[in-house]
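**Student:** Below you will find the structure I want to go over with you.
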Amino acid sequence: MSNARITPTQIAVDHAAQDLQIVWADAHSSVYSYEGLRRACPCVECRGGHGKMADPVDPTVWDLPSLQTYELKEVRPAGNYAVQFVWGDGHVHGVWSWTYLRSLRDDTEAKP
Ligand SMILES: [Zn+2]
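So the mapping is simple: the working numbering equals the position in the sequence shown, first residue as 1, plus 464.
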């Protein structure tokens, strides 16, 4: 099975800009601020409990200013369908599927 929409071709981490960019096989590119990634983390701890796991992420998290400087130490593959982000403060619990990542920033090129 191959789906260009959820197949990453390039992942770039920009510490100075505090963001992560993913280029997908369909040529769409998505930019994720570190602040937004921390707030959109899909792990139980960040979501506030198992009952809230399916709640949608507030799209305004991507426009928030960074409250602190984060260190993204590693983007670690989790099977071939997801990644884990290893943060400088030790947070590593979330498993981010490509489908989830794409859904979070599917709109970035539609903005004027
Ligand atoms: Zn988390």
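Glycine included, C-beta positions come from ideal geometry on N, C-alpha and C.
What is the chain-ordered set of residues for which the beta carbon lies under 6 Å from any non-hydrogen atom of ligand 1?
**Tutor:** Working through the chain, the matches are Cys505, Cys507, Glu509, Cys510, His555, His557 and Gly558.
**Student:** Rounded to whole angstroms, what is the Cα-Cα separation between Pro472 and Arg569?
**Tutor:** The alpha-carbon atoms of Pro472 and Arg569 are separated by roughly 13 Å.
**Student:** Which residue wins for smallest C-alpha separation from Val539, given the options Leu531, Phe549 and Thr533?
**Tutor:** With distances taken between Cα atoms, Val539 lies closest to Phe549.
**Student:** Where does Arg569 fall in DSSP's three states?
**Tutor:** Looking at Arg569 - three-state DSSP - the assignment turns out to be coil, as it is neither helix nor strand.
**Student:** Given a threshold of 16 other Cβ atoms within 10 Å of its Cβ, counted over all protein chains shown, does Ala481 qualify as buried or as exposed?
**Tutor:** That one is exposed.
**Student:** Spatial neighbours of Gln474 within its chain, please: CB distance less than 6 Å, with the 5 preceding and 5 following residues excluded, ordered by chain position.
**Tutor:** Around Gln474: Val487.
**Student:** Among the residues of its own chain, which have a CB less than 6 Å from the CB of Ala542, if the five just before and after it don't count?
**Tutor:** Hits under 6 Å: Gln548 and Val559.
**Student:** Between Ser490 and Asn467, what straight-line distance do the alpha-carbon atoms span, to the nearest angstrom?
**Tutor:** At residue 490 the sequence reads Asp, which differs from the Ser that was named. Roughly 9 Å separates the two Cα atoms.
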